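Student:
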Amino acid sequence: MKVEKIPVMQTQSNLQNYDEAYANFDWAEVEKEFSWYETGKVNMAYEAIDRHLLTPRKDKIALQFINDTREESYSYAQLSELSNKFGNVLRKLGIVKGDRVFVFMPRTPELYVSVLGTLKVGAIVGPLFEAFMEAAVRDRLEDSEAVAIVTTAALLPRVPVNELPALKHVIVFGSEEELAEGLISYEKEMAEASSDLEIQWVDREDGLILHYTSGSTGKPKGVLHVHNAMIQHLQTGKWILDFQEDDIFWCTADPGWVTGTSYGIFSPWLNGVTMVVRGGRFSPENWYSTIEKYKVTVWYSAPTSFRMLMGAGDEVVKQFDLSSLRHVLSVGEPLNPEVVYWGLRTLNQRIHDNWWMTETGGQLISNYRCMEIKPGSMGKPFPGIHATIIDDQGNELPPNRMGNLAIRTGWPAMMRKIWNNPAKYQEYFNFPGWYVSGDSAYRDEEGYFWFQGRIDDVINTSGERVGPFEVESKLVEHPAVAEAGVIGKPDPVRGEIVKAFISLRAGYEPSDELMDEIRKFVREGLAAHAAPREIEFRDKLPKTRSGKIMRRVLKAWELGLPTGDLSTLED
Ligand code: WT7
Numbered sequence: 001m002k003v004e005k006i007p008v009m010q011t012q013s014n015l016q017n018y019d020e021a022y023a024n025f026d027w028a029e030v031e032k033e034f035s036w037y038e039t040g041k042v043n044m045a046y047e048a049i050d051r052h053l054l055t056p057r058k059d060k061i062a063l064q065f066i067n068d069t070r071e072e073s074y075s076y077a078q079l080s081e082l083s084n085k086f087g088n089v090l091r092k093l094g095i096v097k098g099d100r101v102f103v104f105m106p107r108t109p110e111l112y113v114s115v116l117g118t119l120k121v122g123a124i125v126g127p128l129f130e131a132f133m134e135a136a137v138r139d140r141l142e143d144s145e146a147v148a149i150v151t152t153a154a155l156l157p158r159v160p161v162n163e164l165p166a167l168k169h170v171i172v173f174g175s176e177e178e179l180a181e182g183l184i185s186y187e188k189e190m191a192e193a194s195s196d197l198e199i200q201w202v203d204r205e206d207g208l209i210l211h212y213t214s215g216s217t218g219k220p221k222g223v224l225h226v227h228n229a230m231i232q233h234l235q236t237g238k239w240i241l242d243f244q245e246d247d248i249f250w251c252t253a254d255p256g257w258v259t260g261t262s263y264g265i266f267s268p269w270l271n272g273v274t275m276v277v278r279g280g281r282f283s284p285e286n287w288y289s290t291i292e293k294y295k296v297t298v299w300y301s302a303p304t305s306f307r308m309l310m311g312a313g314d315e316v317v318k319q320f321d322l323s324s325l326r327h328v329l330s331v332g333e334p335l336n337p338e339v340v341y342w343g344l345r346t347l348n349q350r351i352h353d354n355w356w357m358t359e360t361g362g363q364l365i366s367n368y369r370c371m372e373i374k375p376g377s378m379g380k381p382f383p384g385i386h387a388t389i390i391d392d393q394g395n396e397l398p399p400n401r402m403g404n405l406a407i408r409t410g411w412p413a414m415m416r417k418i419w420n421n422p423a424k425y426q427e428y429f430n431f432p433g434w435y436v437s438g439d440s441a442y443r444d445e446e447g448y449f450w451f452q453g454r455i456d457d458v459i460n461t462s463g464e465r466v467g468p469f470e471v472e473s474k475l476v477e478h479p480a481v482a483e484a485g486v487i488g489k490p491d492p493v494r495g496e497i498v499k500a501f502i503s504l505r506a507g508y509e510p511s512d513e514l515m516d517e518i519r520k521f522v523r524e525g526l527a528a529h530a531a532p533r534e535i536e537f538r539d540k541l542p543k544t545r546s547g548k549i550m551r552r553v554l555k556a557w558e559l560g561l562p563t564g565d566l567s568t569l570e571d
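Following the UniProt record's numbering, the numbering of the sequence shown begins with 1 at its first residue and continues without gaps.
Structural data, given as structure tokens:
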């Protein structure tokens with residue numbers, strides 16, 4: 001049965017009355033929660049970890065880790081000590097405030113220790129998703145002139161150590177053999193490092209983390225966040241994730257993406273809860289058993305994962321005891337009402353959708369525990385956030401009119417620059433006073449926001465942003481490919497899949513083998529999630545007279561829709 005609104009299920013929550021909070025909220029009040037409010041000494045890693053050592057949280061488990069081969073837990077005190085050691089490892093190498101240090105590792109405790117240690121010496125962390133191949137790693141290290149990278153023996157072959165002039169230090173974890181000359185052993189350095197570290201205090205506006213994300217043109221852009229973001233990470237953790245002292249929190253995102261850092265590192269630890277990290281591959285059994293085994297209470301995941309679990313059938317869910325769950329949330333792509341109903345039926349939980357972006361650094365629009373949910377809606381703006389819909393001239397639109405989703409500038413976790421690219425940064429702020437998201441949406445008369453789509457050609461596959469331009473650029477590097485146009489094709493599980501239209505060079509004929517080969521070429525050259533799941537060969541691709549491939553026309557072909565205005569088409 002479809003209901004229009006899903007009523008509030010539990011009355012217990014940190015946020016009790018949304019309207020009242022929205023009317024009275026002041027970010028300045030949140031500042032009082034941090035130790036720097038008294039001491040003037042700022043550092044995210046200190047606030048997230050070390051500060052708790054002065055409280056009963058000292059010996060509480062901060063990190064509960066599991067993958068196929070390891071199961072370990074670390075208290076706040078242990079994470080403090082290990083990250084101090086890692087900070088000393090970096091300091092010994094001469095790494096100082098503002099340096100870029102990349103972390104290219106699968107989810108293991110060492111990844112978290114490396115991130116925290118990097119922050120403790122004031123360096124900027126660049127997290128890289130473990131599925132990145134050499135070209136993706138090179139682009140990011142090159143653009144940011146990273147001085148160091150922490151990686152694993154298995155991933156090391158994908159780091160082009162000799163092609164990056166700025167890169168001075170390569171720290172390798174998990175090598176079974178002697179490391180080659182010039183490489184540094186994580187284990188060896190950690191064993192020798194002191195656990196006493198003088199933390200590098202920074203300014204609230206100093207760089208914290210650099211997340212590369214895709215746009216519709218050009219290479220991925222380096223979105224820089226600053227330590228000040230902690231204000232938002234703390235407060236959204238309280239009111240959206242609803243953290244309580246005894247919560248066991250599981251964020252399923254990898255720290256290679258912003259959800260995996262803002263809400264997979266900072267927000268839970270600033271709030272002093274226990275966080276579960278699961279490495280290894282997804283399977284419904286692994287996932288459900290993670291919830292059962294660790295008695296996860298708050299679970300933050302993404303629509304694609306929920307759809308995959310839904311696809312595995314209700315029978316699987318019933319084999320596990322998921323009764324520990326008290327709060328479930330979703331982000332990254334549109335959350336279909338069907339999935340919300342599945343959550344009610346199988347988990348006996350409302351799934352709370354929320355909206356934000358790499359660039360926004362923290363959650364901006366959300367469904368709250370104390371608020372009715374309209375399935376399909378992203379919810380309402382967080383207190384302190386002014387969200388609206390504007391037209392293409394920058395005028396605010398009344399309810400129920402579709403337009404550009406925009407946010408009044410100046411929230412605590414907002415990006416502070418696009419690395420090396422002030423012009424790209426400026427593009428988000430073309431209308432004075434507004435950040436324009438690139439999403440289209442409308443707001444209904446009750447103030448709920450409804451996502452409609454991306455305005456640009458950016459593809460969202462399983463919640464991961466893929467820039468069509470990057471994939472096209474890689475495709476044309478293949479000897480058989482003359483031209484390529486890449487679009488997102490709607491998919492029931494992944495939201496969208498990457499689909500490539502390709503015209504071949506003379507002398508090549510379409511075949512299944514060639515298709516596989518091209519797919520593999522992108523997978524190995526760029527990243528698995530960027531490889532086109534579907535390839536269609538065409539003699540010719542639609543182009544503008546200036547030679548730009550018209551993705552809009554490809555999309556219309558794909559969806560069987562009218563192609564619209566073709567006046568700029570080449571022929
Ligand atoms: C884009 C941002 C924020 C962390 C994960 C994604 C889409 C995000 C929702 C949602 C519909 C959503 C938007 C946005 N998106 N949340 N709740 N409903 N779409 O971060 O990789 O920077 O992607 O993801 O299109 O612009 P990201």
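All C-beta atoms, glycine included, are put in the ideal place defined by N, C-alpha and C. Because the structure is a prediction, the values reported are computed rather than measured.
Thr-274 and Ile-248 look like a contact to me (Cβ under 8 Å); what is the Cβ gap, rounded to whole Å?
Tutor: As a working mapping, residue 274 is identified with position 274 in the sequence shown. As a working mapping, residue 248 is identified with position 248 in the sequence shown. Confirmed, Cβ separation roughly 5 Å.
Student: Could you give the DSSP three-state label for Pro-532: helix, strand or coil?
Tutor: Taking the sequence shown and counting its residues from 1, the one referred to as residue 532 is at position 532. In the structure shown, Pro-532 sits in coil (DSSP, three-state: anything other than H, G, I, E or B).
Student: So for Ala-48, helix, strand or coil by DSSP?
Tutor: In the sequence shown, residue 48 corresponds to position 48, counting from 1. Looking at Ala-48 - three-state DSSP - the assignment turns out to be helix.
Student: Any chance the CB of Ser-267 is under 8 Å from a heavy atom of the ligand WT7?
Tutor: Position 267 of the sequence shown, counting from 1, holds the residue named residue 267. The answer is no for Ser-267.
Student: Does the segment 293–308 come close enough to the segment 492–506 to have 3 or more Cβ pairs within less than 8 Å?
Tutor: Yes, they touch.
Student: State the DSSP-derived secondary structure class of Pro-109, mapped to helix, strand or coil.
Tutor: Position 109 of the sequence shown, counting from 1, holds the residue named residue 109. Three-state DSSP puts Pro-109 in a helix.
Student: Taking one C-beta from the segment 344–356 and one from the segment 314–331 each time, how about it: are there three or more such pairs within less than 8 Å?
Tutor: Taking 8 Å as the limit for Cβ pairs, the verdict is that the segment 314–331 does touch the segment 344–356.
Student: Grab the span of the beta strand (DSSP E) containing Pro-490 for me, first residue to last.
Tutor: What you label residue 490 is simply residue 490 of the sequence shown in a count that begins at 1. Where Pro-490 is concerned, the enclosing beta strand (DSSP E) stretches over 481–491.
Student: What does a CB cutoff of less than 7 Å around Leu-224 pick up in its chain, not counting 5 residues either side in sequence?
Tutor: The residue given as residue 224 occupies position 224 in the sequence shown. Excluding residues within five positions, the ones whose Cβ falls inside 7 Å are Gly-207, Leu-210, Met-415, Arg-416, Lys-417 and Trp-419.
Student: Answer with buried or exposed for Val-159, where buried requires no fewer than 16 other C-beta atoms within 10 angstroms of its C-beta.
Tutor: As a working note, residue 159 is residue 159 in the sequence shown. Counting Cβ neighbours within 10 Å, Val-159 comes out buried, since at least 16 surround it.
Student: Taking 7 Å as the limit between beta carbons, can you name the residues of its chain near Glu-558, skipping five residues before and five after?
Tutor: As a first step, residue 558 is located in the sequence shown; it is residue number 558 there, counting from the start. Contacts found: Ile-487, Lys-489 and Lys-499.
Student: So, using beta-carbon positions, are Ile-389 and Thr-360 closer together than 9 Å?
Tutor: Indexing the sequence shown from 1 puts residue 389 at position 389. Indexing the sequence shown from 1 puts residue 360 at position 360. Not a contact, by the Cβ cut-off of 9 Å.
Student: Along the chain, where does the alpha helix (DSSP H) containing Ala-387 start, and where does it finish?
Tutor: Position 387 of the sequence shown, counted from the start, is the residue given in the question as residue 387. Not the alpha helix (DSSP H): Ala-387 falls in the beta strand (DSSP E), residues 387–390.
Student: Contact between the segment 60–80 and the segment 258–278 is defined here as three or more beta-carbon pairs at a separation below 8 Å; is this criterion met?
Tutor: Touching, yes.
Student: If you measure from the CB of Glu-464, is any heavy atom of the ligand WT7 nearer than 8 Å?
Tutor: Within the sequence shown, numbered from 1, the residue matching residue 464 stands at position 464. It does: the Cβ of Glu-464 is within 8 Å (strictly closer) of some heavy atom of the ligand WT7.
Student: Residues in the same chain with beta-carbon distance under 6 Å from Ala-312, minus the five sequence neighbours each way, listed in chain order, please.
Tutor: Taking the first residue of the sequence shown as position 1, residue 312 is located at position 312. Pro-284, listed in sequence order.
Student: Count the other CB atoms within 10 Å of the CB of Met-1; is the residue buried (16 or more) or exposed (fewer)?
Tutor: Working through the sequence shown from its first residue, we reach residue 1 at position 1. Any answer about Met-1 is weak, because its pLDDT of 39 lies below 50 and its placement is not dependable; what the coordinates show is given next. Exposed.
Student: Would Thr-118 and Phe-86 be called neighbours here (beta carbons separated by less than 9 Å)?
Tutor: Along the sequence shown, one-based indexing puts residue 118 at 118. Along the sequence shown, one-based indexing puts residue 86 at 86. Cβ distance < 9 Å, so Thr-118 and Phe-86 count as in contact.
Student: Compare the C-alpha of Phe-469 against each of Gly-256, Met-310, Thr-217 and Glu-513 and name the closest.
Tutor: For the purposes of this step, residue 469 is taken as the residue at position 469 of the sequence shown. Of the candidates Gly-256, Met-310, Thr-217 and Glu-513, the one whose C-alpha sits nearest the C-alpha of Phe-469 is Thr-217.
Student: DSSP state of Trp-557, grouped into three classes?
Tutor: Mapped onto the sequence shown, residue 557 falls at position 557. Here Trp-557 sits in helix by DSSP.
Student: Just to confirm, is the Cβ distance from residue 637 to Phe-129 under 9 Å?
Tutor: The chain is shown from 1 up to 571; residue 637 falls before or after that span and cannot be answered.
Student: Within a Cβ cutoff of 7 Å, which residues of the same chain sit near Val-42, ignoring the five residues on either side of it in sequence?
Tutor: Taking the sequence shown and counting its residues from 1, one reaches residue 42 at position 42. Within the same chain, Val-42 has close Cβ partners Trp-36, Trp-201, Val-202, Asp-203, Arg-204 and His-227.
Student: Between the beta-carbon of Tyr-294 and the beta-carbon of Leu-241, is there less than 9 Å?
Tutor: Residue 294 sits at position 294 when you count from the first residue of the sequence shown. Residue 241 sits at position 241 when you count from the first residue of the sequence shown. Contact: no.
Student: Going by beta carbon distance, what residues of the same chain come within less than 7 Å of Arg-523, once the five residues before and after it are set aside?
Tutor: For the purposes of this step, residue 523 is taken as the residue at position 523 of the sequence shown. Taken in chain order, the residues that qualify are Ala-531.
Student: Gln-64 bridges to which residues according to DSSP?
Tutor: The residue given as residue 64 occupies position 64 in the sequence shown. Its beta-bridge partners are Ser-73 and Val-276.
Student: Select from Asp-50, Tyr-46 and Ser-75 the residue whose C-alpha is nearest the C-alpha of Asp-59.
Tutor: As a working mapping, residue 59 is identified with position 59 in the sequence shown. Among Asp-50, Tyr-46 and Ser-75, the Cα nearest to that of Asp-59 belongs to Ser-75.
Student: Any heavy atom of the ligand WT7 inside 8 Å of the beta-carbon of Phe-25?
Tutor: For this step, residue 25 is matched to residue 25 along the sequence shown. Phe-25: no, Cβ never under 8 Å from the ligand WT7.
Student: In three-state DSSP terms, what is Leu-82?
Tutor: For the purposes of this step, residue 82 is taken as the residue at position 82 of the sequence shown. Helix at Leu-82.
Student: Please state the DSSP three-state secondary structure of Met-1.
Tutor: Looking up residue 1 in the sequence shown gives position 1. Residue confidence for Met-1 is low, a pLDDT of 39 falling below 50, so the modelled location carries little weight; the figure read from the coordinates is stated next. If DSSP states are grouped into helix, strand and coil, Met-1 belongs with coil.
Student: If you follow the alpha helix (DSSP H) that Asn-24 is in, where does it begin and where does it stop?
Tutor: Counting from 1 along the sequence shown, the entry for residue 24 is found at position 24. Unbroken alpha helix (DSSP H) run through Asn-24: 18–24.
Student: Of the residues Gln-78, Lys-120, Val-103 and Leu-116, which one's Cα is nearest the Cα of Lys-97?
Tutor: Taking the sequence shown and counting its residues from 1, one reaches residue 97 at position 97. Of the listed residues, the one whose Cα sits closest to Lys-97 is Lys-120.
Student: Rounded C-beta distance between Leu-197 and Asn-84? I'm assuming under 8 Å.
Tutor: Taking the sequence shown and counting its residues from 1, one reaches residue 197 at position 197. Taking the sequence shown and counting its residues from 1, one reaches residue 84 at position 84. Sure, about 4 Å apart at Cβ, within 8 Å.
Student: Take Met-308 as the anchor and find which of Leu-93, Val-298, Leu-335 and Thr-297 has the nearest alpha-carbon.
Tutor: Indexing the sequence shown from 1 puts residue 308 at position 308. For Met-308, the nearest C-alpha among the options comes from Leu-335.
Student: Hey, how far is the Cα of Leu-156 from the Cα of Lys-92?
Tutor: Taking the sequence shown and counting its residues from 1, one reaches residue 156 at position 156. Taking the sequence shown and counting its residues from 1, one reaches residue 92 at position 92. Leu-156 and Lys-92: Cα-Cα distance of roughly 22 Å.
Student: Does the Cβ of Asp-353 lie closer than 8 Å to at least one heavy atom of the ligand WT7?
Tutor: Taking the first residue of the sequence shown as position 1, residue 353 is located at position 353. The answer is yes for Asp-353.
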